[in-house]
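Engineer: Numbers given in the numbering used here equal positions in the sequence shown, counted from 1, plus 670.
Here a beta-carbon is modelled for each residue, glycine too, at the ideal position from N, C-alpha and C.
From a predicted model like this one, the values you see are computed outputs, not experimental measurements.
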Amino acid sequence: MLSERKLGNVLVQEGVLADHELKEALEYQRKAGLSLKASLLDLGMLSEEEIIVALVSHFGFSHLRLRDYEIEEPAIAKVPREKCRQYTLIPVSLTDNLLTVAFTDPLNIPAIDELKLTTNCEILPVIAKESEINEAVNKYYERTTLQVERYRGETPAEKDTEYDDLAMFEDTDVEQYEEEEEEDVDVDDAPAIKLANFLIHDAVRASASDIHVEPREKNVGIRYRLDGVLRDQKPIPKHFQRSLISRFKIMAEMDIAERRVPQDGRIRVKVDRRIIDLRVSVLPTRWGEKVVCRILDKSSLTLDIDQLGFEPSPLSVFKTAMGLPNGIILVTGPTGSGKTTTLYAALHVLNRPDVNIVTVEDPIEYELFRINQVPVNTDAGLTFPVALRSILRQDPDIIMIGEIRDLDTLSIAIKSAMTGHVVLSTLHTNDAPSSIIRLIDMGTEQFLVASSVEMVCAQRLMRKLCDNCKQPATYPKETLERIVPLYRDATFYRGRGCDECKGLGFKGRIGVLEAMLLDGPIKDLIMGTTNAFELRKVAVKSQDMKDLKENATAKASRGITSLEEVFRVTG
């Protein structure tokens, strides 16, 4: 999806907007509460046409002028009007299994994936003006409503848009699991229990990482996060809302009478004879309490670091750092990028009978054998710094800190590393060099960072192409110019969509890593005045470091993922 920051950078790179104009537009956007595009139009800095021309030049999409185009009714029949409104798009033509769709944002991957799933077609995105898309939606959907219903072979009364028949949940086999009981716990047949059990069962079988239960004005939206992207499921009738949410709160041992403040809890259930943990968060919203369940399935946890999918070069750097007798190892990246899994895999390598490993986590995601895991409990005063001070009196060899959030935690981590301990932790930064700047900005001395940190790496998760339906793809010259020259002559692939991948073209995810050792030249640079750009330049020169995009492109060149996914994940 084209973020506000990315749009601004593209417009500057294409020479249609100056840096100072972008700053002015961003300030106007902040005050007016508009999108960056709307702000640019309001200020008269750019026209919609100029923005589209810049995007076409940068990304290589085709530009469709809808006022000069006759849209095909079979294409209209493939996509409901509400989806056009939701994502600002319109289908324009259907040729065999290829559906051409005009978007204002042709990088909207969730919208493209949803269309693949619901239309069972390969999607070709093109770009068009928002005003022309809205005009075309009004024009063609009003004209073709009756034809569309006949084309689909259904009438409005026949459409099944909600889970309105609870009989479908009768055979759902989800049982709340309690560790102290030897036999499975019985559950009664209340509709809310059936519905909650079905959602958990269905999400686990779909390999979802999260379940979102979202109250809306007229129904309850259900979304699963699949391979890192949220996807709509069938909504639930509004009259089930309170009982369903109460059921989740009871299972998570929350206060069901309290609806004004957020609550957190945990559920343990059996699904298909597997024990599944769910981390549950409840948040009051405009139309009721929203529930999000993070699914923690230990059977799907990969602890073999060689199976995470990293390229050989950064993986070798990571293993070198793990072999050092002391020092800090940092894994950085946004939420959901696989940082915790990578740290657990590293602990699995280091976990031997002759070492004492202690972790402090918020919360503990998976239980690990022979490792002492401490959960943060801020209500009881057990914060990261408090736990770490106690851990240092527990004769540790290796310490894992869930996240370095403040100077106090960082200071203890540095002290631990400089007194002979291996310390593993995470940060929220975009790349490896930026992590060093973040540590310094927290307020610690530069020489302490240089003396204690041994390696930093940045990580992302990318979707893998479905092996059953991927096929060679061609890309315009402008797109290939965005990748390193080494790979421009490679054969790249896209997923066509099939039953195996539920029409999405992707199945599963794989890690991509950027790793930087703090060798002599890097440590010397940290001791002086530096920035992330200089650190990256020296790392590339002194240790041939490959960045995230280059490592991701290497996977695309081998048909593991697509170039669109590379750009989505690495920018």
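1) What does DSSP give as the partner residue(s) for I1071 in the beta ladder?
2) Rounded to a whole number of angstroms, what is the C-alpha to C-alpha distance between N1221 and L1183?
3) State whether the stretch 1195-1213 contacts the stretch 1096-1106, with contact taken as three or more CB pairs (one from each stretch) at a distance under 8 Å.
4) Exposed or buried, which one is P761 when buried takes at least 16 other CB atoms within 10 Å?
5) Compute the Euclidean distance between the alpha carbons of S877 and L1174, then round it to the nearest angstrom.
6) In this structure, how does DSSP classify F980 when only helix, strand and coil are distinguished?
7) Count the other CB atoms, across all protein chains shown, that sit within 10 Å of the CB of Q933; report buried if there are 16 or more and exposed otherwise.
8) What number of angstroms, rounded off, separates the C-alpha of L966 from the C-alpha of E1035?
9) D738: buried (16+ other C-beta within 10 angstroms of its C-beta) or exposed?
10) Residues in the same chain with beta-carbon distance under 7 Å from T1223, minus the five sequence neighbours each way, listed in chain order, please.
11) Buried or exposed: which applies to R1059, given that a residue is buried once 16 or more other Cβ atoms fall within 10 Å of its Cβ?
12) From which residue to which residue does the alpha helix (DSSP H) around D1049 run?
13) How far does the beta strand (DSSP E) with T955 in it reach, from first residue to last?
14) Could you check the C-alpha separation between G1229 and E1115 for me, to the nearest Å?
15) Can you name the start and end residues of the beta strand (DSSP E) that Y1163 belongs to?
16) Give me the Cβ distance between K1134 and R1179, rounded to the nearest whole Å; I'm assuming they're in contact under 8 Å.
17) So, for S727: in the same chain, excluding its five sequence neighbours on each side, which residues have a beta-carbon less than 7 Å away from its beta-carbon?
18) Spatial neighbours of F1162 within its chain, please: C-beta separation below 6 Å, excluding the five flanking residues on both sides.
19) Who are A772's beta bridge partners in DSSP?
20) Flag this pair as touching only if the stretch 932-951 and the stretch 981-999 have three or more C-beta atom pairs under 8 Å; answer yes or no.
21) Under 8 Å, do L736 and E802 count as touching if we go by C-beta distance?
22) For L681 and I721, I'd like the C-alpha separation in whole angstroms.
23) Starting from V962 and walking both ways along the alpha helix (DSSP H), at which residues does that stretch end?
24) Throw me the rounded Cβ distance for the I1074 and A1083 pair, which I believe falls under 8 Å.
25) Just the Cα atoms here: how many angstroms apart are K1009 and P1055?
26) Compute the Euclidean distance between the alpha carbons of I892 and S1121, then round it to the nearest angstrom.
27) Closest to I1196 by C-alpha separation, out of R1164, R1108, E1170, would be which residue?
28) Just confirm the distance between the C-beta atoms of L985 and L1017, as a whole number of angstroms; I'd bet it's less than 8 Å.
29) Can you give me the Cβ contacts of R1040 inside the same chain, cut-off strictly under 7 Å, excluding the 5 residues immediately before and after it?
30) Looking at the structure shown, is V939 part of a helix, part of a strand, or coil, going by DSSP?
31) Take L1150 as the anchor and find which of S879, F729, T1240 has the nearest alpha-carbon.
32) Tell me whether V857 sits in a helix, a strand or coil according to DSSP, three-state version.
33) Are I870 and V941 closer than 8 Å when you measure CB to CB?
34) So, under 8 Å CB-CB, A1185 and V1019 are touching, yes? Tell me the CB distance rounded to an integer number of Å.
Structural biologist: On the basis of the data shown:
1) Stepping through the sequence shown from its first residue, residue 1071 is reached at position 401. Bridge partners of I1071: V1030, S1095.
2) Mapped onto the sequence shown, residue 1221 falls at position 551. Mapped onto the sequence shown, residue 1183 falls at position 513. For N1221 and L1183, the distance between alpha carbons rounds to 7 Å.
3) At 8 Å Cβ cutoff, the stretches touch.
4) For the purposes of this step, residue 761 is taken as the residue at position 91 of the sequence shown. P761 sits buried, since 16 or more C-beta atoms from the chains shown fall within 10 Å of its C-beta.
5) In the sequence shown, the residue the question calls residue 877 occupies position 207. In the sequence shown, the residue the question calls residue 1174 occupies position 504. Each residue's alpha carbon lies about 14 Å from the other.
6) Within the sequence shown, the letter at position 310 stands for residue 980. Three-state DSSP puts F980 in coil, outside helix and strand.
7) Along the sequence shown, one-based indexing puts residue 933 at 263. Per the 10 Å Cβ criterion, buried.
8) Walking along the sequence shown from the start, residue 966 turns up at place 296. Walking along the sequence shown from the start, residue 1035 turns up at place 365. Approximately 7 Å, taken between the alpha carbons.
9) As a first step, residue 738 must be located in the sequence shown, where it is residue number 68. Exposed is the call here.
10) For the purposes of this step, residue 1223 is taken as residue 553 along the sequence shown, with counting starting at 1. Beyond the five residues adjoining it in sequence on each side, T1223 comes within less than 7 Å, by CB distance, of I1153, V1154, Y1157, V1236 in the same chain, given in chain order.
11) Against the sequence shown, residue 1059 aligns to sequence position 389. With fewer than 16 Cβ atoms within 10 Å of its Cβ, R1059 is classed as exposed.
12) For the purposes of this step, residue 1049 is taken as the residue at position 379 of the sequence shown. Premise fails: D1049 is in no alpha helix (DSSP H) and is neither H nor E.
13) Here residue 955 refers to the residue found at position 285 of the sequence shown. Taken as a continuous stretch (DSSP letters only), the beta strand (DSSP E) holding T955 covers 944-955.
14) For the purposes of this step, residue 1229 is taken as residue 559 along the sequence shown, with counting starting at 1. For the purposes of this step, residue 1115 is taken as residue 445 along the sequence shown, with counting starting at 1. Distance between the alpha carbons of G1229 and E1115: 45 Å.
15) By 1-based counting over the sequence shown, the position of residue 1163 is 493. Its beta strand (DSSP E) spans residues 1162-1165.
16) For the purposes of this step, residue 1134 is identified with residue 464 of the sequence shown, where counting begins at 1. For the purposes of this step, residue 1179 is identified with residue 509 of the sequence shown, where counting begins at 1. Contact flag correct, Cβ pair sits at about 6 Å.
17) On the sequence shown, residue 727 is found 57 positions in, with the first residue counted as 1. Around S727: E684, E1148.
18) Counted from its first residue, the sequence shown places residue 1162 at position 492. Within the same chain, F1162 has close Cβ partners A1143, A1226, L1233.
19) Residue numbering aside, residue 772 sits at position 102 when the sequence shown is read from its first letter. Answer is I760, V796, bridged to A772.
20) no
21) Counting from 1 along the sequence shown, the entry for residue 736 is found at position 66. Counting from 1 along the sequence shown, the entry for residue 802 is found at position 132. Yes.
22) Counting from one through the sequence shown, the residue named residue 681 turns up at place 11. Counting from one through the sequence shown, the residue named residue 721 turns up at place 51. Roughly 7 Å separates the two Cα atoms.
23) Start at 1 with the first residue of the sequence shown, and residue 962 comes out as number 292. V962: not part of any alpha helix (DSSP H); member of the beta strand (DSSP E) spanning 958-966, first to last residue.
24) Translated into the one-based positions of the sequence shown, residue 1074 becomes position 404. Translated into the one-based positions of the sequence shown, residue 1083 becomes position 413. Correct: roughly 6 Å between the Cβ atoms.
25) Sequence index remark: in the sequence shown, residue 1009 carries index 339 (1-based). Sequence index remark: in the sequence shown, residue 1055 carries index 385 (1-based). Those two C-alpha atoms are separated by around 21 Å.
26) Mapped onto the sequence shown, residue 892 falls at position 222. Mapped onto the sequence shown, residue 1121 falls at position 451. Straight-line spacing of the CA atoms in I892 and S1121 works out to 49 Å.
27) For this step, residue 1196 is matched to residue 526 along the sequence shown. Selected option, being the one with the closest Cα: R1108.
28) For the purposes of this step, residue 985 is identified with residue 315 of the sequence shown, where counting begins at 1. For the purposes of this step, residue 1017 is identified with residue 347 of the sequence shown, where counting begins at 1. Going by Cβ atoms, the distance from L985 to L1017 rounds to 16 Å, so no, they are not a contact pair.
29) In the sequence shown, residue 1040 corresponds to position 370, counting from 1. Excluding sequence neighbours, R1040 sits near N1021.
30) Along the sequence shown, read from residue 1 onward, the residue named residue 939 stands at position 269. Note: V939 maps to strand in three-state DSSP.
31) The residue labelled residue 1150 in the question sits at position 480 within the sequence shown. Ranked by Cα distance from L1150, the options S879, F729, T1240 are led by F729.
32) Counting from one through the sequence shown, the residue named residue 857 turns up at place 187. For V857, the predicted model reports a pLDDT of 36, less than 50, meaning its position is unreliable; a value from the coordinates is still stated below. For V857, the three-state secondary structure derived from DSSP is coil.
33) Reading the sequence shown from its first residue, position 200 is the one you call residue 870. Reading the sequence shown from its first residue, position 271 is the one you call residue 941. Yes, the Cβ-Cβ distance between I870 and V941 is below 8 Å.
34) Sequence index remark: in the sequence shown, residue 1185 carries index 515 (1-based). Sequence index remark: in the sequence shown, residue 1019 carries index 349 (1-based). The pair is not a contact, with the Cβ atoms about 15 Å apart (cut-off 8 Å).
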